[in-house]
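Data first, discussion second: the structure below is written as structure tokens.
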Ligand code: ADP
Ligand code: GN1
Ligand code: MG
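In structure tokens, the structure reads:
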């Protein structure tokens with residue numbers, strides 16, 4: 001099934017047309033060797049990701065990541081690429097100082113043969129390529145708690161690495177990305193319009209969300225009052241946006257840098273919790289299988305604070321549980337909005353998937369509320 005998100009992203013082309021487009025792009029990238037194979041890769045909801053295999057003269061193979069940037073969502077891909085160049089160059093200097101491996105510890109853009117950081121194809125789609133980070137895996141769910149802990153250290157360290165980056169030089173690649181009150185207002189608009197007649201199926205979910213209206217303002221209000229600093233944040237800290245080294249088990253690289261922009265540190269913490277500190281996949285249908293894992297919350301809190309290494313203020317640290325609940329609620333709101341609007345944003349593979357995703361998030365919010373004091377005590381323990 002082709003979702004409306006895919007149609008909008010240009011995938012109503014025939015398979016042959018799409019393949020010829022990819023081949024056009026591959027020819028323009030400065031890959032080493034000749035392309036021998038390419039295929040779809042990964043489970044991201046937003047971009048189209050491919051792995052491209054090339055063969056060298058000595059017959060050895062090299063892999064690259066090739067991505068079609070979702071232009072519907074990222075209105076100015078050139079700005080997004082400027083952000084990524086700025087941030088990865090900055091991180092590379094720090095990796096060199098720490099005597100690390102610049103090819104594996106940050107994303108490395110592979111330029112086009114003309115030396116550009118992205119390629120615009122003949123129908124106006126934007127493409128970019130990265131070195132493939134070999135010998136590492138991005139996980140969809142927490143298989144070993146240690147991996148989750150490692151991802152926490154890495155995202156915390158990412159926060160610290162960028163703490164002296166000039167935030168004002170970054171473009172806002174998606175306006176109001178983690179502005180939860182705006183997300184709620186978008187949901188209300190979708191309810192009023194009810195284009196697909198789906199509102200009647202989600203009355204209890206809406207009821208739950210509307211009761212959280214006051215809560216949605218908490219972080220924005222603290223920011224407006226000057227109590228919560230704006231930092232350079234990743235904004236999409238899902239476990240599958242971290243590469244974990246297959247041998248050492250250490251998280252070696254933070255990927256998916258499209259949403260790196262000014263934001264709140266507690267939201268980076270929170271988004272990772274909503275995706276990882278759970279017993280089920282984000283789109284689990286059976287809600288009785290979805291439970292909040294306070295043990296993983298504790299593990300992540302410890303790792304994140306270790307990675308941040310003193311770069312957070314006392315207030316930020318105390319707000320970590322709020323970040324967890326905020327990001328989980330916000331994501332539920334976003335999935336539900338997309339469901340009501342006909343699945344135009346998040347890629348779906350089956351009917352109702354965005355509704356299922358929304359429901360898992362709301363279930364997690366309600367479980368967090370029940371364990372609120374415990375969450376606060378855990379944070380205090382590691383502060
Ligand atoms: P999306 O924005 O759609 O989530 P990502 O940039 O996260 O796209 O890429 C999707 C998946 O592709 C990742 O979860 C990861 O598995 C894989 N991936 C992305 N970049 C690399 C890379 N440089 N090396 C190896 N795998 C990668
Ligand atoms: C999207 O691109 P991906 O799959 O890593 C989304 C995140 C959501 C997430 C939900 C740019 O992340 O904000 O939290 O899906 N990214 C964008 O799984 O909207
Ligand atoms: Mg991703």
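In my numbering, the protein residues as written are 1 to 383.
Glycine is no exception: its CB is placed at the ideal position from the N, C-alpha and C atoms.
Which of helix, strand or coil DSSP assigns to residue i
{"i": "residue 318", "result": "helix"}
{"i": "residue 324", "result": "helix"}
{"i": "residue 169", "result": "helix"}
{"i": "residue 337", "result": "helix"}
{"i": "residue 200", "result": "helix"}
{"i": "residue 136", "result": "strand"}
{"i": "residue 27", "result": "helix"}
{"i": "residue 229", "result": "coil"}
{"i": "residue 273", "result": "helix"}
{"i": "residue 263", "result": "strand"}
{"i": "residue 301", "result": "helix"}
{"i": "residue 176", "result": "coil"}
{"i": "residue 13", "result": "coil"}
{"i": "residue 351", "result": "coil"}
{"i": "residue 290", "result": "coil"}
{"i": "residue 79", "result": "helix"}
{"i": "residue 48", "result": "strand"}
{"i": "residue 425", "result": "Here the chain covers residues 1 to 383 and nothing more, so residue 425 does not appear."}
{"i": "residue 131", "result": "strand"}
{"i": "residue 67", "result": "strand"}
{"i": "residue 254", "result": "strand"}
{"i": "residue 112", "result": "strand"}
{"i": "residue 126", "result": "strand"}
{"i": "residue 141", "result": "coil"}
{"i": "residue 104", "result": "coil"}
Residue environment, residue i, which counts as buried when at least 16 other CB atoms sit within 10 Å
{"i": "residue 2", "result": "Residue confidence is low: residue 2 scores 43 on pLDDT, short of 50, so the model does not pin down where it sits. Its coordinate-derived value is still stated next. Burial call: exposed."}
{"i": "residue 194", "result": "exposed"}
{"i": "residue 372", "result": "exposed"}
{"i": "residue 13", "result": "exposed"}
{"i": "residue 142", "result": "buried"}
{"i": "residue 20", "result": "exposed"}
{"i": "residue 176", "result": "exposed"}
{"i": "residue 189", "result": "exposed"}
{"i": "residue 276", "result": "buried"}
{"i": "residue 334", "result": "buried"}
{"i": "residue 70", "result": "buried"}
{"i": "residue 43", "result": "exposed"}
{"i": "residue 46", "result": "buried"}
{"i": "residue 16", "result": "exposed"}
{"i": "residue 61", "result": "exposed"}
{"i": "residue 210", "result": "exposed"}
{"i": "residue 378", "result": "buried"}
{"i": "residue 5", "result": "Unreliable placement is indicated for residue 5, whose pLDDT of 49 sits below 50; the coordinate value is still reported in the next sentence. Flag for residue 5 reads buried."}
{"i": "residue 303", "result": "buried"}
{"i": "residue 265", "result": "buried"}
{"i": "residue 134", "result": "exposed"}
{"i": "residue 351", "result": "exposed"}
Member of the options whose CA lies at the smallest distance from the CA of residue i
{"i": "residue 308", "options": "88, 376, 382", "result": "382"}
{"i": "residue 228", "options": "263, 63, 20", "result": "263"}
{"i": "residue 375", "options": "337, 333, 300", "result": "300"}
{"i": "residue 63", "options": "105, 89, 130", "result": "130"}
{"i": "residue 114", "options": "170, 26, 223, 36", "result": "26"}
{"i": "residue 65", "options": "188, 29, 164", "result": "29"}
{"i": "residue 256", "options": "291, 60, 289, 68", "result": "68"}
{"i": "residue 199", "options": "218, 337, 103", "result": "337"}
{"i": "residue 332", "options": "147, 346, 314", "result": "346"}
{"i": "residue 160", "options": "136, 182, 232", "result": "232"}
{"i": "residue 169", "options": "87, 128, 107, 219", "result": "87"}
{"i": "residue 22", "options": "33, 49, 102", "result": "49"}
{"i": "residue 132", "options": "223, 105, 148", "result": "105"}
{"i": "residue 242", "options": "139, 31, 352", "result": "139"}
{"i": "residue 174", "options": "344, 181, 72, 134", "result": "72"}
{"i": "residue 280", "options": "296, 268, 266, 267", "result": "296"}
{"i": "residue 384", "options": "92, 107, 38", "result": "One cannot answer for residue 384 here, as it falls past the ends of the chain, which runs 1 to 383."}
{"i": "residue 319", "options": "245, 268, 237", "result": "268"}
{"i": "residue 187", "options": "136, 342, 353", "result": "342"}
{"i": "residue 215", "options": "163, 81, 180", "result": "180"}
{"i": "residue 317", "options": "156, 18, 260", "result": "156"}
{"i": "residue 108", "options": "89, 97, 98, 100", "result": "89"}
{"i": "residue 313", "options": "102, 32, 230", "result": "230"}
{"i": "residue 366", "options": "351, 293, 103", "result": "293"}
{"i": "residue 24", "options": "103, 81, 125", "result": "125"}
{"i": "residue 185", "options": "330, 39, 37", "result": "330"}
is_contact[residue i, chain D] using C-beta, thresh 9 Å
{"i": "residue 238", "result": "Here there is only one protein chain, and chain D is not present."}
Query raised in the report: Touch check for the segment 345-361 and the segment 199-212: three-plus C-beta pairs under 8 Å?
Result: yes
Query - Residues surrounding ligand 3 [beta-carbon distance to nearest heavy atom under 6 Å] - result: 44, 240, 241, 256
Requested in this report: Check whether the segment 249-269 touches the segment 279-286, taking contact to mean three or more Cβ pairs, one atom from each stretch, closer than 8 Å.
Outcome: no
Report task. Check whether the segment 107-120 touches the segment 76-84, counting contact only when three or more Cβ pairs, one atom from each stretch, lie closer than 8 Å. Result -> yes
Requested in this report: Kindly confirm or deny that the segment 265-283 and the segment 147-160 touch, where touching means at least three C-beta pairs closer than 8 Å.
Outcome: yes
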